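Undergrad:
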Amino acid sequence: KKEEEFNIIRTQYEKNLNNERTLKTQAVNKLAEIMNRKDFKLDRKKVNMQDFKKKEKENRKLQLELNQEKEKFNQMVIKYQKELNEMQAQLVEESTYRNELQMQLDSKESDIEQLRSKILDLQQGMDSTSVASLQADEADGSVTESRIEGWLSIPNKGNIKRYGWKKQYVVVSSRKILFYNDEQDKEQSNPCMVLDIDKLFHVRPVTQGDVYRAETEEIPKIFQVKRLLAQFVRLVNVYLYTQGLTQIFTLFCFVLLLSDPICQRGRV
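Start counting the sequence shown at 1; every next residue gets the next number (the UniProt record's numbering).
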């Protein structure tokens, strides 16, 4: 009987021992599985970190190259902008110089035209009269002038009442109207403005509405010269203060009637 009890107890202990071994084995296997998974994640994370560092390094390199290219581009823009500004300044300077030379040439041509007219008058006088009568005519100052000249005024700035008028010496030839700051500039063939007769559109006396900033007593002495700028295809007004020199206004109208078909249709 005792032996049977002993066998039962032994069997029970063996069963419990086997259960413990089984549980232990399962626990070990589970732990090994978990550890394997953890190592895989660490390896994967390690691979991801290496790839990230590599990409980050490439990104820094590309960013550096981009900054270098931007710097090169900015330097190139500054260089070309400087060259462009220099070229524009040179162009303005050359254009101003060319305009000055052209106005001086116009002044010289006007002087040559006047001299030719005087020579022609002298030749005609020598053909029709004696040398003595010619000398008498010269003494009397009866040589015909081919142009009219005298003092006019133009607006000093836009506001006539505030800035007033600026006197200028004006010479009207057959093709040009030349404006000089003074007679000394005229002698030096240095006009400040030249108008082409063939580009004048019309000449007319002004009204109060045209020059509302002018004084009332000045209006009868002011007339408007409208000229055409071909390069812009637009009309530009030039207001002149005659100071009583009505013969210049008359000559302007006469020249326009001869040279401008629009004026011949009654636009003056």
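We put the beta carbon where it would ideally sit given N, CA and C, even for glycine.
Keep in mind it's a predicted model, so treat the numbers as computed, not measured.
1) Would you call V92 buried or exposed, if buried means 16 or more other Cβ atoms sit within 10 Å of its Cβ?
2) Please name the residue, chosen from K166, Q188, P155, that lies closest to D111 on a Cα-to-Cα basis.
3) Using a 10 Å radius around the Cβ and a threshold of 16 neighbouring Cβ atoms, would you call D106 buried or exposed?
4) Do you know whose CA, among R162, R175, K176, Y180, lies nearest S153's CA?
5) My assumption, with CB atoms under 8 angstroms, is that D182 sits in contact with Y163. Please give the rounded CB distance.
6) List the DSSP bridge partners of residue 289.
7) To the nearest whole angstrom, what separates the beta carbons of K186 and V171, a pair I think is in contact under 8 angstroms?
8) Which of the three DSSP states, helix, strand or coil, is assigned to I222?
9) Looking at the secondary structure, which residues open and close the alpha helix (DSSP H) in which D185 lies?
10) Provide the residue span of the beta strand (DSSP E) that contains V194, from first to last.
11) Quick check: the Cα distance between Q104 and E69, rounded to an integer number of angstroms?
12) To the nearest angstrom, report how far apart Q224 and P155 are at their CA atoms.
13) At the level of alpha carbons, what is the spacing between L120 and S174?
14) Can you tell me the Cα-Cα spacing of A89 and N190, whole angstroms?
15) Taking the CB atoms as reference points, tell me whether P205 and I222 lie closer together than 9 angstroms.
16) Would you list the one or two residues that DSSP bridges to R204?
17) So is E5 buried or exposed if we call it buried at 16+ other beta carbons inside 10 Å?
TA: Checking against the coordinates, here is how it stands:
1) Position 92 of the sequence shown, counting from 1, holds the residue named residue 92. The residue in question, V92, is exposed, as its Cβ has fewer than 16 Cβ neighbours within 10 Å.
2) For the purposes of this step, residue 111 is taken as the residue at position 111 of the sequence shown. Closest option to D111, judged by alpha-carbon separation, among K166, Q188, P155: Q188.
3) For the purposes of this step, residue 106 is taken as residue 106 along the sequence shown, with counting starting at 1. It counts as buried.
4) Along the sequence shown, read from residue 1 onward, the residue named residue 153 stands at position 153. Sorting R162, R175, K176, Y180 by C-alpha distance to the C-alpha of S153 places Y180 at the top.
5) Numbered from 1 along the sequence shown, position 182 holds the residue referred to as residue 182. Numbered from 1 along the sequence shown, position 163 holds the residue referred to as residue 163. That pair is no contact at about 19 angstroms.
6) Only positions 1 to 268 of the chain appear in this structure, which leaves residue 289 out of reach.
7) Residue mapping note: residue 186 aligns to position 186 of the sequence shown, counting from 1. Residue mapping note: residue 171 aligns to position 171 of the sequence shown, counting from 1. Sure, about 7 angstroms apart at Cβ, within 8 angstroms.
8) As a working mapping, residue 222 is identified with position 222 in the sequence shown. Residue state, collapsed to three classes: strand.
9) Position 185 of the sequence shown holds residue 185. Here the alpha helix (DSSP H) through D185 covers 183–187.
10) Taking the first residue of the sequence shown as 1, we reach residue 194 at position 194. First-last of the beta strand (DSSP E) with V194: 193–196.
11) For the purposes of this step, residue 104 is taken as the residue at position 104 of the sequence shown. For the purposes of this step, residue 69 is taken as the residue at position 69 of the sequence shown. Using only the alpha carbons, I get a separation of about 52 angstroms.
12) Taking the sequence shown and counting its residues from 1, the one referred to as residue 224 is at position 224. Taking the sequence shown and counting its residues from 1, the one referred to as residue 155 is at position 155. CA-to-CA, the gap between Q224 and P155 works out to about 12 angstroms.
13) Taking the sequence shown and counting its residues from 1, the one referred to as residue 120 is at position 120. Taking the sequence shown and counting its residues from 1, the one referred to as residue 174 is at position 174. Whole-angstrom Cα-Cα distance: 15 angstroms.
14) Taking the first residue of the sequence shown as position 1, residue 89 is located at position 89. Taking the first residue of the sequence shown as position 1, residue 190 is located at position 190. One Cα belongs to A89, the other to N190, and the distance between them is close to 23 angstroms.
15) The residue you call residue 205 lines up with position 205 of the sequence shown. The residue you call residue 222 lines up with position 222 of the sequence shown. Going by C-beta atoms, P205 is nearer than 9 angstroms to I222.
16) By 1-based counting over the sequence shown, the position of residue 204 is 204. Paired residues: Q224.
17) The residue you call residue 5 lines up with position 5 of the sequence shown. Per the 10 Å Cβ criterion, exposed.
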